[in-house]
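Residue numbers (full-length UniProt numbering): 1 to 262. Ideal Cβ positions, reconstructed from N, Cα and C, are used throughout, including at glycine. All of these numbers come straight from a predicted model, not from anything done at the bench. What follows is a short report on a single structure.
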């Protein structure tokens, strides 16, 4: 039984709404459709679908809707499906489909993958990545389990799955920082001595650390964005979920997924 949380605002027009519903009916996977609003946000609707006993909960929309529903689906027995509308390229790669039609077919001819997600402040989840919004270089203090980095950063990303970046460790986040001073010993020196999972690219102002958790502090409060929306502000804690989501993906997708094969 399928339960669709449908952000109809992401459709180009009314006709597309009906086209999507007709496609799902054609595939034999029609079900209950609900539309999130201010009174009934996607999170509440997802909990309602679980409570009603639906076996498959599907988010139809962009990254913000997908992430919101995903936060409810952690550790649930129900399967989670995605039909991207106006979603990032990264979401398409994760599910293994470039179009909403292909994503709908995934639901019918499906593969279920136990997938981890990134978590901000133990509340907000993200499938792809989040970034600290830096309108100008800012001093950051980044605490890992065994060491601390301090640098003036131009760009800072915490990624579960970063665009065009192969994920090597499904149980770790990729922390990517571009700093102002490539000769900064506060980054370069400490990384060389710190842990074996830290790597520095050929351009040494670009730092990559793989970790299961970190905390970020800044002298001034900075916004943390996921798919362009503000999810939180510094200081903030980031981690990889210990629980998993039973995500529907394409059978034998060509893209690498952050997954644990059951």
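Exposed unless 16 or more other CB atoms sit within 10 angstroms - verdict on residue 36: As a position in the chain shown, residue 36 is number 36, starting the count at 1. Residue 36 comes out buried.
Span of the beta strand (DSSP E), counted from its first residue to its last, around residue 33: Stepping through the chain shown from its first residue, residue 33 is reached at position 33. Segment 32-34, the beta strand (DSSP E) holding residue 33.
Simplified DSSP assignment, three categories, for residue 213: As a first step, residue 213 must be located in the chain shown, where it is residue number 213. Residue 213: strand per DSSP, three-state reduction.
Endpoints, alpha helix (DSSP H) assigned at residue 24: For this step, residue 24 is matched to residue 24 along the chain shown. Here the alpha helix (DSSP H) through residue 24 covers 14-26.
For residue 68 and residue 76, the rounded distance between their alpha carbons: Mapped onto the chain shown, residue 76 falls at position 76. Mapped onto the chain shown, residue 68 falls at position 68. If you take the alpha carbons of residue 76 and residue 68, they lie about 14 angstroms apart.
Bridge partners - residue 179, DSSP secondary structure assignment: Residue mapping note: residue 179 aligns to position 179 of the chain shown, counting from 1. BP columns for residue 179 point to 153.
Spatially closest choice to residue 228 from 170, 62, 239, by CA coordinates: Position 228 of the chain shown, counting from 1, holds the residue named residue 228. The shortest Cα separation from residue 228 among 170, 62, 239 belongs to 62.
Residue 57 beta carbon less than 8 angstroms from that of residue 3: The residue given as residue 3 occupies position 3 in the chain shown. The residue given as residue 57 occupies position 57 in the chain shown. Yes; because the gap between Cβ atoms is below 8 angstroms, this pair is in contact.
Per-residue DSSP class, three states only, for residue 6: Counting from 1 along the chain shown, the entry for residue 6 is found at position 6. Residue 6 falls in the strand class under three-state DSSP.
Beta carbon of residue 139 nearer than 8 angstroms to that of residue 219: As a first step, residue 139 is located in the chain shown; it is residue number 139 there, counting from the start. As a first step, residue 219 is located in the chain shown; it is residue number 219 there, counting from the start. Result yes, Cβ atoms of residue 139 and residue 219 sit closer than 8 angstroms.
Inter-residue CB distance, residue 85 and residue 10 (contact presumed, cutoff 8 angstroms): Taking the chain shown and counting its residues from 1, one reaches residue 85 at position 85. Taking the chain shown and counting its residues from 1, one reaches residue 10 at position 10. Yes, they are in contact, since the Cβ atoms of residue 85 and residue 10 sit about 4 angstroms apart, within 8 angstroms.
Euclidean distance between Cα positions of residue 107 and residue 249: On the chain shown, residue 107 is found 107 positions in, with the first residue counted as 1. On the chain shown, residue 249 is found 249 positions in, with the first residue counted as 1. Cα to Cα, the separation comes out at about 8 angstroms.
For residue 149, the nearest candidate out of 121, 31, 207 (CA to CA): Looking up residue 149 in the chain shown gives position 149. Among 121, 31, 207, the Cα nearest to that of residue 149 is on 207.
Proximity to residue 171 [Cα-Cα], best of 135, 232, 241, 31: Sequence index remark: in the chain shown, residue 171 carries index 171 (1-based). Measuring from the Cα of residue 171, the nearest candidate turns out to be 241.
Cβ pair residue 238, residue 173 closer than 8 angstroms: Residue mapping note: residue 238 aligns to position 238 of the chain shown, counting from 1. Residue mapping note: residue 173 aligns to position 173 of the chain shown, counting from 1. Yes. Within cutoff.
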